[in-house]
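Worksheet for the structure shown next.
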Amino acid sequence: MRSSILLGAVLPFAQAIRIIQSNDDGWAEANARTFFDALDSAGHDVVLSAPAENQSGTGSSDATPTQVGSSGCEFSSCPGGSPPTGANATDPRLNYVNSYPVTSIKNGIDVTGPKLWNGAKPELAVSGPNVGSNVGPGGLFSGTIGAATYAAHTAKIPAIAFSGRTGDPAAWNQPTPKYSKVYADLALNLTTTLIDSGAPYLPDDVFLNVNFGEVSDSTCHDASQFKFIFTRVNTGLLSARDTEWCGATRLPWEVDVIYLRGGCYVTVSAGDASDKSTTDAARQKVVLDKLKPLISCL
Ligand SMILES: *[C@@H]1O[C@H](CO)[C@@H](O)[C@H](O)[C@H]1NC(C)=O
Ligand SMILES: *[C@@H]1O[C@H](CO)[C@@H](O)[C@H](O)[C@H]1NC(C)=O
Ligand SMILES: *[C@@H]1O[C@H](CO)[C@@H](O)[C@H](O)[C@H]1NC(C)=O
Numbered sequence: 099m100r101s102s103i104l105l106g107a108v109l110p111f112a113q114a115i116r117i118i119q120s121n122d123d124g125w126a127e128a129n130a131r132t133f134f135d136a137l138d139s140a141g142h143d144v145v146l147s148a149p150a151e152n153q154s155g156t157g158s159s160d161a162t163p164t165q166v167g168s169s170g171c172e173f174s175s176c177p178g179g180s181p182p183t184g185a186n187a188t189d190p191r192l193n194y195v196n197s198y199p200v201t202s203i204k205n206g207i208d209v210t211g212p213k214l215w216n217g218a219k220p221e222l223a224v225s226g227p228n229v230g231s232n233v234g235p236g237g238l239f240s241g242t243i244g245a246a247t248y249a250a251h252t253a254k255i256p257a258i259a260f261s262g263r264t265g266d267p268a269a270w271n272q273p274t275p276k277y278s279k280v281y282a283d284l285a286l287n288l289t290t291t292l293i294d295s296g297a298p299y300l301p302d303d304v305f306l307n308v309n310f311g312e313v314s315d316s317t318c319h320d321a322s323q324f325k326f327i328f329t330r331v332n333t334g335l336l337s338a339r340d341t342e343w344c345g346a347t348r349l350p351w352e353v354d355v356i357y358l359r360g361g362c363y364v365t366v367s368a369g370d371a372s373d374k375s376t377t378d379a380a381r382q383k384v385v386l387d388k389l390k391p392l393i394s395c396l
């Protein structure tokens, strides 16, 4: 009794929740596995349900999973001829779905998650971190964003898409790349902040599009060096005003912050999950109020 009270007082998380995770680079990619481990270490009930193969650039495609081809899952993570869906032999929380990112997160939300959570649905969906940035119009083709918008729009589960500019596809069973660790730390920080802000975690039909800037040995090599900036998905040239922030009613464009500014930045855009564009000022404000402990001005 006494020790459990003490334990409760020192654990670093306010609340543990059920989280479904997907991506488009495949279930065995290092970025996804490193973030999975970070969420797990923070005490969350996380289940990974991601494509068996690299499905980069497949947007919101969805199709019934098929038997794995003769070459097996990516990075030899499952044998050729494996069933259309499957789990790691010793950890049932790690699942592949041999189809698109949307199909994989859907299967996780409807089937795999509830099976491991006594029938309950996930409370939050995360996608990525993607290998490579997903900013501006390019996001329309991203399977990582496709999975997040499916969760937020169709399944009505608050969702975050994470992408990191640095890195190449890496297998889960190789030494963890430095950038994977930095991106997992940053993603956990934002996820924890959002959870601590309380449910509902995001307004209806809103997803977060989060991009991490470059990680390098000289600069930006530790999560503590990064600043979180509240941004928008589209340039905003002809759009209605954004919510007021940092003395302006036009938020910075995520593309400018990730590609043109020097510095260690994370962009956070509140996206409309119905069409992957920027959401309106009222819903931006709700998101901003939740994330204020984290967000800086440029
Ligand atoms: C399956 O899980 C075990 C134990 O966590 C791990 O050693 C192994 O690398 C995993 N394999 C895949 C393909 O996930
Ligand atoms: C997946 O394919 C895309 C485009 O062909 C490539 O850029 C990306 O690096 C690949 N990712 C993996 C995990 O192989
Ligand atoms: C999260 O990021 C903020 C802003 O950079 C930082 O002040 C805070 O220490 C970070 N928290 C954790 C747990 O990493």
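Counting in this note's numbering, the sequence shown runs from 99 upward without gaps. By construction, the Cβ of each residue, glycine as well, lies at the ideal position given by its N, Cα and C atoms. Bear in mind that the values here come from a model prediction, so they are computed numbers and not experimental data.
With contacts defined by Cβ atoms closer than 8 Å, L288 and W343 do not form a contacting pair.
In the DSSP assignment, A185 falls within the beta strand (DSSP E) that extends over T183 to A185.
In the DSSP assignment, D143 forms a beta bridge with R116. When the alpha-carbon of K325 is set against those of P273, D283 and T341, the nearest one is in D283.
Any heavy atom of ligand 2 counts here; residues with a Cβ closer than 7 Å to one of them, in chain order, are D123, G124, E127, N152, S154, G155, E172, V229, G230, D266 and P267. Straight-line measurement puts the Cα of L389 at about 28 Å from the Cα of S202. In the DSSP assignment, T365 falls within the unbroken beta strand (DSSP E) covering Y363 to D370.
The continuous alpha helix (DSSP H) containing A245 extends over residues G241 to T247.
Between the beta-carbon of G155 and that of G241 there is about 7 Å, and that keeps the pair under the 8 Å contact cut. Sorted by chain position, residues whose beta-carbon lies closer than 7 Å to a non-hydrogen atom of ligand 1 are A126, S175, C176, N186, A187, T188, D189, L192, W270 and N271. DSSP places T291 in no beta strand (DSSP E) but in the uninterrupted alpha helix (DSSP H) bounded by K276 to D294.
Following the DSSP letters along the chain, one finds I203 in no beta strand (DSSP E) but inside the alpha helix (DSSP H) bounded by residues P199 to N205.
Around the beta carbon of C395, a 10 Å sphere encloses fewer than 16 other beta carbons of the protein chains shown; the residue is thus reported as exposed.
Distance check between G157 and each of S169, T164 and N121 places N121 closest, using alpha-carbon atoms only. With a threshold of 7 Å, the Cβ atom of L392 counts as near ligand 3, since some heavy atom of the ligand is closer than that.
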